[in-house]
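For reference, the structure discussed in these notes is given below.
In full-length UniProt numbering, the protein residues as written are 1 to 362.
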């Protein structure tokens with residue numbers, strides 16, 4: 001998303017953009033003193049595209065977007081913001097002083113996005129009790145109850161998958177459809193589902209800004225899919241260049257993680273168990289960090305007992321390897337066979353243990 005450049009200007013300097021493919025957002029927030037309003041692609045203070053000072057509760061953003069695109073408005077002093085699909089039209093937003101009650105008009109894509117939001121919420125609200133069941137099962141060390149709760153999550157995932165398919169069937173040309181594919185599948189790698197749902201889109205949606213983003217992701221996925229892997233060279237913890245292909249002849253888990261990543265740290269004991277069990281049989285690991293602070297990286301390695309090779313350029317999400325491998329979330333991993341080819345992805349918990357057991361029991 002960040003690679004798509006959007007030009008945004010305040011009303012005073014925007015006459016050159018009004019001619020074609022431009023949008024206007026007229027906003028009104030009730031019952032608050034005049035404050036600064038921010039427009040961004042993401043919730044929060046990062047990726048801010050423009051800001052204006054409201055006058056008598058009113059504000060205007062004017063700009064140019066690559067077709068329908070998702071934006072976020074936030075007002076200083078109000079915790080809740082508002083995400084919406086803007087089109088190159090005149091749109092109106094009105095909100096109360098807490099942003100609990102927001103009315104938006106002028107964008108058909110936003111109507112569709114709101115429809116999807118209701119569907120998504122009706123399904124995901126069922127997850128709360130399942131989290132409670134898992135917590136209770138883990139405290140009681142009840143593996144049967146834990147498995148039942150995890151099956152409940154699988155069922156919810158299947159229900160969401162069906163909802164995605166139904167939405168795309170209803171709106172195959174909508175730019176909202178590829179945005180949902182990105183949100184549902186690309187950030188949580190599921191290439192087969194990306195391919196299936198992307199094929200359902202009409203050309204207009206495939207050629208939209210979000211459709212093109214999926215196309216680029218598919219290109220990267222093909223480069224790092226099952227059967228192939230790019231090589232890389234990164235500095236290890238001592239600053240010495242380390243080449244991935246130097247490990248050919250072994251089964252290698254390339255593990256993308258970071259010290260600040262809670263799920264990564266939670267998964268590390270499982271990875272340590274796998275390493276200790278199969279290292280002598282020809283299995284090793286390369287940890288690739290998305291950290292930016294070396295001290296935090298080294299401290300996490302020591303604390304979690306990660307005794308294998310670790311590499312990284314400490315550029316975080318700006319690291320070239322993030323794009324090369326199509327990394328969108330951590331933890332992410334790839335299992336390579338002795339020839340250096342990818343034979344599995346995103347093996348966690350029991351899946352990692354079972355895969356290695358299958359390999360080394362032959």
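Just so you know, even glycine gets a beta-carbon here, dropped at the ideal spot from N, CA and C.
All of these numbers come straight from a predicted model, not from anything done at the bench.
Alpha helix (DSSP H) runs wholly inside the region 155-203, at least 4 long, in chain order: 176-181 and 191-200
Select from 323, 277, 308 and 324 the residue whose C-alpha is nearest the C-alpha of residue 360. 277
Assuming residue 73 and residue 63 make a contact with CB atoms under 8 Å, what is their CB distance in whole Å? That belief does not hold up - the Cβ atoms of residue 73 and residue 63 are roughly 13 Å apart, past 8 Å.
The alpha helix (DSSP H) enclosing residue 223, as first and last residue numbers: 209-223
Let me know if residue 166 comes out buried or exposed under the rule of 16 or more other beta-carbons within 10 Å of its beta-carbon. Exposed: under 16 other Cβ atoms inside 10 Å.
Closest to residue 209 by CA distance: which of 79, 344, 85 and 29 is it? Distances from the alpha-carbon of residue 209 to those of 79, 344, 85 and 29 put 85 closest.
So, at 7 Å on beta carbons, what are the nonlocal neighbours of residue 11 in its own chain, with the 5 sequence-adjacent residues on each side left out? Note that residue 11 has pLDDT 29, beneath the 50 cutoff, so the model's placement of it is unreliable and the number below is only indicative. Taken in chain order, the residues that qualify are 60 and 62.
Measure the Cβ-Cβ separation of residue 175 and residue 109 and say whether it is below 7 Å. yes
Could you check whether residue 34 and residue 54 sit closer than 7 Å to each other, using their CB atoms as the reference points? yes
Could you check how far apart the C-beta atoms of residue 201 and residue 178 are, in whole angstroms? I think they sit under 8 Å. 6 Å
So what's residue 346 in DSSP terms, helix, strand or just coil? coil
Need the endpoints of the beta strand (DSSP E) that residue 257 sits in, please. Run containing residue 257: 251-257, per the beta strand (DSSP E) assignment.
Could you work out which residue in 324, 41, 245 and 39 is closest to residue 384 when comparing CA atoms only? Nothing can be reported for residue 384: it is not among the residues displayed for the chain, which extend from 1 to 362.
Measuring straight from C-alpha to C-alpha, what distance separates residue 118 and residue 205? Their Cα atoms are separated by approximately 22 Å.
Just the C-alpha distance for residue 362 and residue 69, rounded to the nearest angstrom, thanks. 51 Å
To the nearest angstrom, how far is it from the Cα of residue 147 to the Cα of residue 25? Taking the CA atoms as reference points, residue 147 sits about 49 Å from residue 25.
Keeping to the same chain, check which residues put their C-beta closer than 8 Å to that of residue 358; ignore five residues upstream and five downstream. Short of 8 Å from the beta carbon of residue 358, and not among the five residues preceding or following it, lies no beta carbon of its own chain.
Could you check whether residue 330 and residue 290 sit closer than 7 Å to each other, using their CB atoms as the reference points? yes
Assuming residue 286 and residue 352 form a contact by the criterion Cβ under 8 Å, report the distance between their Cβ atoms to the nearest whole angstrom. Their Cβ separation, rounded to whole angstroms, is 15 Å, which puts residue 286 and residue 352 out of contact at 8 Å.
Ranges of the beta strand (DSSP E) found wholly within the region 264-345, counting only runs of at least 3: 283-289, 309-311, 332-336 and 342-345
Cβ neighbours of residue 27 in the same chain (closer than 8 Å, five flanking residues each side left out): 37, 54, 58, 59, 60, 61, 73, 92, 93, 94 and 95
Which listed residue (52, 253 and 143) has its alpha carbon closest to that of residue 310: 253
Throw me the rounded Cβ distance for the residue 29 and residue 97 pair, which I believe falls under 8 Å. 7 Å
Pull the bridge partners of residue 27 from the DSSP assignment, please. 59 and 93
Span of the beta strand (DSSP E) around residue 36: 36-40
What does the Cβ neighbour count give for residue 128, buried or exposed, with the cut at 16 atoms within 10 Å? exposed
Going by the DSSP bridge assignment, what does residue 365 pair with across the sheet? Missing from the structure shown is residue 365; the chain here goes from 1 to 362 and no further.
DSSP-derived helix/strand/coil call for residue 233: In the structure shown, the three-state DSSP call for residue 233 is strand.
Cα-Cα separation, residue 350 to residue 170: The alpha-carbon atoms of residue 350 and residue 170 are separated by roughly 37 Å.
To the nearest angstrom, how far is it from the Cα of residue 241 to the Cα of residue 235? 4 Å
In whole angstroms, what is the alpha-carbon distance linking residue 229 and residue 156? The straight-line gap from Cα to Cα measures roughly 32 Å.
Bounding residues of the alpha helix (DSSP H) (the contiguous stretch that carries residue 126): Premise fails: residue 126 is in no alpha helix (DSSP H) and is neither H nor E.
Is the beta carbon of residue 220 sitting closer than 7 Å to the one on residue 340? no
In terms of DSSP beta bridges, what is residue 86 paired with? 69
Pull up the distance between the alpha-carbon of residue 115 and that of residue 162, whole angstroms please. 15 Å
Rounded C-alpha distance that separates residue 348 from residue 90: 47 Å
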